[in-house]
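In the numbering used here, the protein residues as written are 41 to 831. A short worksheet on the structure shown next.
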């Protein structure tokens, strides 16, 4: 058996070669493998794994009694991982990594193949340059990538392999972990995103590999998670700052009203290194309201809102004076800690988990942070009003802000899992979160109104003041002191290097402080942030859109007289209309049994032919470029079809099976057959934004499927008749199903929100809903509707 790093796999360096592609620095030898000469990674990996089982390193006893691993136990796990690699895969680069998810870390390997990259959990590279199963190693033979911390971090060594196609990788951002520049965050087109930590000297090399291999990385600001071009990296310092104030920057797009306040805050969080994968650096959003007592919010009155120019510690005069006094009278006899206003942070793992404690996996994260039990009921998050009063007025140790879920996720406010959260001292049992009167005891209404308030004129006029405090020039330095916005120095990047601390007790204490108390985001602006320009269309009180680029004009039902026909037909069709798509300058339409293919919409997929074939053709010429007959024979008659992307086609019909196809090299290949219906499938809908497919059947059920994982998610039951039409709202994830004359509305998580019998006129007339659609106004607009068409 031989190691992956045997000389036969390492090409000799040549004067024309790029050094980083073929040479391993001596100091990084144990963290990465770079070998463009490997011809068959699978066979090499098998040899390395075999060696790790059968040829232990000198001085290590690999008997079952010592390590709990023998060849019989290990081989099945190793083989299952090897099967995840593409056939005849050629791996050119390999790096040690640690995947971070919430409070958990999973060490493994990052492999760059020919067309895919792989993250394989549970394996590592030894100093002897062998690949070994981490579980088979004694603790003293493996040095973790991430230093031990004070947080109750759980290390999971379950063998799992994640595969990403290079052309599906949309973005890669450099990230901090423990305030150190050692991580990358990878965003995939199917909705997955991984936060990966590396040995510090390896991180930038891995980033260069991503830039070289990932051809599908978004280069436009509109497609980017961060709202910036790929050249605007969070660690570019002055370069990023200049990019953020340019005419095409995300900041200027927000100033001009081209993106919403919510979108802009998410872009800034992403640029500043905040991530859903790291509870210590979770995205931060502001408290925006100060009124949690009124039955109706007045979004035009300043008293309804918090003071955006001041941090949470300065919202009330009494606390402001106390924090100023703390800073002025601070005296550290050891001279190690400079003065500060706040010793607690506005965002931490505990704050995030306390807000989301009613939902998994955050319940388990909270319990681990709390030592295995819930906190005292009086200290749990139970009321939005009480949380505001604590953070703004009553508690000197509480200056927390909000998280994005307060503006889009009603489920976190409900104790749907019926956790026993205890009783308060007044005898009140904790359950669902107590909402302010203006929410009408409805979590969805709270989210809608709260989001409406975030987008209103007053917040738009003052949001830049809060951005100055969190991401801008008042974040640190003299401006932070003047704004009463200075935190403990260990919250800031650059004030401590944990790897330079030799004292293990001091090192662990520092890591524990960073983990448990919070981290200041990356500073994005050195000068005052510009204010948003307002016009009548940006007002949430106006049912019109924020701006033209965001969405289409008002729906015609606002004023039917404004609906004018075009001077000539948009397109002459050969049959009944099947699909209409509206774009900024054009409208496209195709006949029944046809759907247009994104993202260019220049091709269509057609079905319903006597030979049961599926045909792909050009929209302009209306001629079929490909007829797929043979592979469709076993799928029965196709009744419905959707195209989530240019490469994925989903069909269903009389066979009761939902089939996912990959269209590549002018061929259709079956990706997955989805079984769940007992009768013919009559309709399909998909939402790439929410990564779901919904199928409706004659068996009177609808099924939600995961688009990327290609698995069953849930069944929507209790329909009185076969399902005739389904639709998914791309803005909210809500699902509409139609059976007979009944219209049902469901949340993305399967909760039935409403149902109505649409039958009108004479009851003895047979009526049937044939189609359904959602209006696409802003998701917080109370005038959004579900529209149906019937016989």
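Beta carbons are placed, not taken as given, at the ideal position from N, Cα and C, and that holds for glycine. Predicted model only: the values in this text are computed from it and were never measured.
If you draw a straight line from the C-alpha of residue i to the C-alpha of residue j, how long is it?
i           : j           : result
residue 544 : residue 218 : 16 Å
residue 130 : residue 156 : 10 Å
residue 553 : residue 539 : 15 Å
residue 469 : residue 441 : 26 Å
residue 668 : residue 691 : 13 Å
residue 15  : residue 381 : Here the chain has residues from 41 to 831 only, and residue 15 is not among them.
residue 761 : residue 697 : 19 Å
residue 426 : residue 348 : 20 Å
residue 142 : residue 658 : 46 Å
residue 529 : residue 558 : 11 Å
residue 503 : residue 678 : 51 Å
residue 222 : residue 536 : 14 Å
residue 471 : residue 452 : 12 Å
residue 466 : residue 383 : 31 Å
residue 291 : residue 575 : 17 Å
residue 562 : residue 344 : 30 Å
residue 239 : residue 610 : 59 Å
residue 449 : residue 487 : 7 Å
residue 415 : residue 461 : 8 Å
residue 547 : residue 455 : 39 Å
residue 378 : residue 371 : 8 Å
residue 579 : residue 308 : Caution applies to residue 579, whose pLDDT of 37 falls short of 50 and renders its modelled position unreliable; the value that the coordinates give is listed next. About 22 Å.
DSSP three-state call for residue i: helix, strand or coil?
i           : result
residue 630 : strand
residue 429 : helix
residue 604 : coil
residue 507 : helix
residue 715 : coil
residue 522 : helix
residue 831 : coil
residue 65  : Residue placement at residue 65 cannot be trusted, given a pLDDT of 35 that sits under 50; the coordinates are not used to answer.
residue 387 : coil
residue 78  : Note that residue 78 has pLDDT 38, beneath the 50 cutoff, so the model's placement of it is unreliable and the number below is only indicative. In this structure, residue 78 counts as coil in the three-state DSSP scheme.
residue 185 : coil
residue 255 : coil
residue 707 : strand
residue 97  : Confidence at residue 97 is low in this model, with a pLDDT of 34, below 50, so its placement is unreliable and no value can be given for it.
residue 529 : helix
residue 133 : strand
residue 382 : strand
residue 152 : strand
Taking the alpha-carbon of residue i as reference, which of the options has the nearest alpha-carbon?
i           : options            : result
residue 492 : 366, 822, 634      : 822
residue 249 : 151, 300, 820      : 151
residue 687 : 515, 639, 771, 134 : 639
residue 304 : 826, 786, 511      : 511
residue 128 : 153, 479, 236, 637 : 153
residue 139 : 126, 133, 161      : 161
residue 351 : 509, 706, 656      : 509
residue 627 : 749, 390, 605      : 605
residue 764 : 720, 748, 789, 732 : 720
Mind checking who residue i pairs with in its DSSP beta bridge?
i           : result
residue 224 : 214, 236
residue 147 : 138
residue 622 : 627
residue 438 : Partner(s): none; residue 438 has no beta bridge.
residue 164 : 172
residue 396 : DSSP, once it has assigned bridges, lists no residue as partnering residue 396.
residue 725 : 734
residue 202 : 159
residue 540 : Bridge partners of residue 540: none, in fact.
residue 635 : 645
residue 209 : 228
residue 617 : 631
Indicate whether at least one CB of chain B lies closer than 9 Å to the CB of residue i.
i           : result
residue 542 : Protein chains in the displayed structure number just one, and chain B is not present.
Does the Cβ of residue i lie closer than 8 Å to at least one heavy atom of the ligand COA?
i           : result
residue 751 : Annotation note on the ligand COA: not contained in the displayed structure, which lists no ligands.
Problem set entry | Entirely enclosed alpha helix (DSSP H) segments - the region 441 to 500, minimum 4 residues | Correct list: 483 to 494.
Exercise. Which ranges does the alpha helix (DSSP H) cover as unbroken runs of at least 4 residues, wholly within the region 285 to 365, from first to last along the chain?
Worked result: 290 to 295, 301 to 311
For this session: Let me know the beta strand (DSSP E) ranges lying completely inside the region 741 to 826, each 3 residues or longer, listed in chain order.
Result: Whole beta strand (DSSP E) segments, 3+ residues: 742 to 746, 751 to 756, 763 to 768, 775 to 779, 782 to 786, 792 to 797, 809 to 814.
For this session: Quick one: which unbroken beta strand (DSSP E) runs of 3-plus residues sit fully inside the region 644 to 704? Chain order, please.
Result: Those beta strand (DSSP E) runs which fall completely within the region 644 to 704 and span 3+ residues are 654 to 658, 664 to 668, 678 to 682, 688 to 693, 698 to 704.
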